[in-house]
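Structure first, commentary second.
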Amino acid sequence: MGNPVGWFEIYVQNISRAKKFYESVLSVKLDELKMPNLEMWTFPMNHEGSGAPGAIVKMEGCPSGGNSTIVYFLCEDCAVEENKASTHGGEIFKEKCSIGEHGFISLVKDTEGNMIGLHSMK
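In this text, residue positions in the sequence shown follow UniProt numbering: the first is 1, and each later residue adds one.
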């Protein structure tokens with residue numbers, strides 16, 4: 001069995017600001033996925049690889065923030081993306097710290113108030 005997470009969505013209020021934030025912090029290009037009644041931009045997807053695909057979404061009735069779910073993005077060194085988050089309008093919530101043999105994490109808030117995690121092995 002592969003990874004159990006099949007998809008994630010991060011709800012936002014300002015899609016263009018959130019898109020710029022994630023593209024800048026993670027050095028990726030988000031792609032528009034045309035959907036009725038909502039705006040959706042997906043993170044890069046490789047259906048043959050591991051990990052879960054996902055998107056930022058603006059949908060009426062789904063406010064951003066709240067932080068009931070945290071998505072962790074894989075990084076080479078999470079301190080790098082942590083600093084990028086701060087530079088691009090986000091906020092560092094928890095600086096890079098060790099989680100023992102499982103590597104390191106940082107927690108940051110995006111421009112929409114959503115808490116996201118950054119994970120690396122170094």
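For every residue, glycine included, the Cβ atom is placed at its ideal position computed from N, Cα and C.
Below 8 Å on the Cβ atoms is my contact criterion, and I expect P53 with T69 to pass it. Report the Cβ-Cβ distance as a whole number of Å.
Going by Cβ atoms, the distance from P53 to T69 rounds to 16 Å, so no, they are not a contact pair.
Report the three-state DSSP secondary structure of T69 (helix, strand or coil).
coil
Tell me the DSSP secondary structure of T87 in three-state form.
Taken through DSSP and simplified to helix, strand or coil, T87 comes out as helix.
Rounded to whole angstroms, what's the CA-CA distance from A55 to V80? Just pull it up for me.
22 Å
State the Cα-Cα distance for the pair N83 and V5, rounded to the nearest angstrom.
Rounded to whole angstroms, the gap between the alpha carbons of N83 and V5 is 27 Å.
Is M110 buried or exposed, if buried means 16 or more other CB atoms sit within 10 Å of its CB?
Position check: residue 110 holds Asp in this sequence, whereas Met was assumed. Under the 10 Å beta carbon count, D110 is surrounded by 16 or more other beta carbons and is classified as buried.
Inter-residue Cα distance where the pair is G113 and E48:
32 Å
Give the straight-line distance between the Cα atoms of E95 and E101, rounded to the nearest whole angstrom.
18 Å
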